[in-house]
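Encoded as structure tokens, the structure appears first; notes follow it.
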Amino acid sequence: MQKRLFTTIHEGWLKLLFTSFAMEEREWGERLYDYSEILYRHLRFVEDLYVKKGIEYSWERPAIPLEFTTEGEAARFCDEVLGRIELQLSDDGDPLAARMLSDLGYIRGELQENFDRTTKVKAFDRSMTIDGVAFEQEALAALMLFLFEESYKEYELIVIYSYAQTQVDDKRLGEIFQILIDESKFHLKSFARMMAKMGILAVPRMVTSEIYRFESLERFLREGIEEEKGAKEQCRALAEAVGEERFQKFFNFINFQEDYHITLMEEALQRIS
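Residues in the sequence shown are numbered from 1 upward in steps of one, following the working numbering.
As structure tokens, then:
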């Protein structure tokens with residue numbers, strides 16, 4: 001498999017993922033989300049293969065602007081990158097390549113059947129409202145800052161925890177990182193859907209190798225625990241700022257989830273210490 005394949009699959013995963021958040025027809029959006037999860041698994045399969053073979057790879061990738069105005073254009077947007085992945089895969093009897101090509105063929109078929117969708121996408125219209133709820137200027141500014149910062153942070157954590165899994169042999173550590181990946185995916189989906197409703201959806205900036213290729217797992221975990229504590233305070237402050245009760249409940253819910261993350265990271269720290 002070609003070295004650049006990892007980068008292209010990473011791009012495909014993110015395009016499917018963020019396109020899924022943008023869709024007005026939520027059943028279709030959830031199908032795209034499921035397909036993005038398949039691409040993420042492809043990414044990890046290839047990563048595992050490269051690690052075992054000692055092949056250099058990188059989680060760095062090009063910037064990804066979201067460029068579509070209808071759901072049909074969005075389907076074409078996703079199909080294009082999946083076509084590039086197919087071209088980089090060699091059907092030479094490799095079971096992994098054969099499975100990936102089968103997955104891609106099915107997903108592309110589903111996308112192509114939806115090229116004619118005419119539903120307008122509102123995820124970039126800067127409405128600044130969520131389900132008809134408008135915010136006071138100060139609350140809106142706090143909410144926007146939080147969503148942009150935290151959507152990047154959750155994406156960053158998915159990358160870091162994914163890479164960390166390749167660096168440990170301890171089964172429980174691997175399980176902890178998987179739980180944290182799944183939790184970060186839930187948070188990213190929650191924040192990105194809010195951004196889509198506000199019309200400000202965007203793919204987060206790239207995570208550089210200096211960030212995810214940490215020199216010390218212990219230091220990374222200690223710093224991560226402090227960052228989670230900071231995230232708790234941000235959620236608490238935002239819950240107070242937004243005013244609307246259902247959003248207060250949501251951000252308090254996220255706040256208390258951070259306690260679980262801290263506990264898991266503390267357990268991981270104990271295992272490596």
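Note that the Cβ used here is the ideal one computed from N, Cα and C, for glycine as well.
CA nearest to the CA of residue i, picked from the options
i: Ala196; options: Gly12, His10, Ser127; result: Ser127
i: Lys232; options: Pro65, Thr70, Phe251, Pro62; result: Phe251
i: Met206; options: Phe247, Leu217, Arg41, Arg61; result: Arg61
i: Val121; options: Glu245, Met194, Glu24; result: Glu24
i: Thr119; options: Glu73, Gln112, Tyr57; result: Glu73
i: Glu244; options: Ile272, His187, Glu136; result: Glu136
i: Gly199; options: Gln88, His10, Thr69; result: Thr69
i: Asp94; options: Val46, Leu14, Pro65; result: Val46
i: Leu221; options: Arg271, Arg76, Glu67; result: Arg271
i: Ala123; options: Glu223, His10, Arg26, Glu156; result: Arg26
i: Met100; options: His42, Phe214, Leu32, Phe77; result: His42
i: Phe18; options: Ser190, Thr208, Ala239; result: Ser190
Same chain, Cβ closer than 8 Å to residue i, five either side skipped, listed in chain order
i: Lys185; result: Glu154, Ile158
i: Ile55; result: Lys3, Leu49
i: Gln88; result: Met1, Gln2, Arg4, Leu5, Thr8
Cβ shell of residue i (< 7 Å), same chain only, five flanking positions each side left out
i: Gly174; result: Gln165, Val168
i: Asp131; result: Lys197
i: Gln234; result: Phe146
i: Ala75; result: Leu111, Asn114, Phe115, Arg117
Alpha-carbon spacing of residue i relative to residue j, whole angstroms
i: Ile254; j: Asp125; result: 27 Å
i: Trp28; j: Asp103; result: 18 Å
i: Ala241; j: Glu226; result: 23 Å
i: Lys171; j: Leu96; result: 24 Å
i: Ala237; j: Gln248; result: 10 Å
i: Met281; j: Glu149; result: What the structure shows of the chain is the stretch from 1 to 273, and residue 281 is not part of that stretch, so it cannot be assessed.
i: Glu37; j: Ala63; result: 20 Å
i: Gly105; j: Ala139; result: 45 Å
i: Lys229; j: Leu269; result: 16 Å
i: His187; j: Ser216; result: 26 Å
i: His261; j: Asp92; result: 43 Å
i: Tyr212; j: Arg44; result: 15 Å
i: Val51; j: Gly224; result: 24 Å
i: Glu30; j: Glu218; result: 37 Å
i: Ala134; j: Tyr57; result: 44 Å
i: Trp59; j: Leu39; result: 14 Å
Buried versus exposed, by CB contacts within 10 Å (16 or more), residue i
i: Ile85; result: buried
i: Thr8; result: buried
i: Thr204; result: Contrary to the premise, residue 204 reads as Pro rather than Thr in this sequence. So Pro204 counts as buried.
i: Ala141; result: exposed
i: Tyr161; result: buried
i: Ile107; result: buried
i: Ile176; result: buried
i: Phe256; result: exposed
i: Ala163; result: Contrary to the premise, residue 163 reads as Tyr rather than Ala in this sequence. Buried: at least 16 other Cβ atoms inside 10 Å.
i: Asp79; result: buried
i: Glu258; result: buried
Spatial neighbours of residue i in its chain, beta-carbon cut-off 6 Å, leaving aside the 5 residues before and after
i: Ala192; result: Phe21, Ser151
i: Asp116; result: Gly72
i: Tyr35; result: Leu16, Ile107
i: Val314; result: Nothing can be reported for residue 314: it is not among the residues displayed for the chain, which extend from 1 to 273.
Segment contact flag, the stretch 255-268 with the stretch 175-190, C-beta cutoff 8 Å, min 3 pairs: Judged by pairs of C-beta atoms under 8 Å, the stretch 255-268 touches the stretch 175-190, as three or more such pairs exist.
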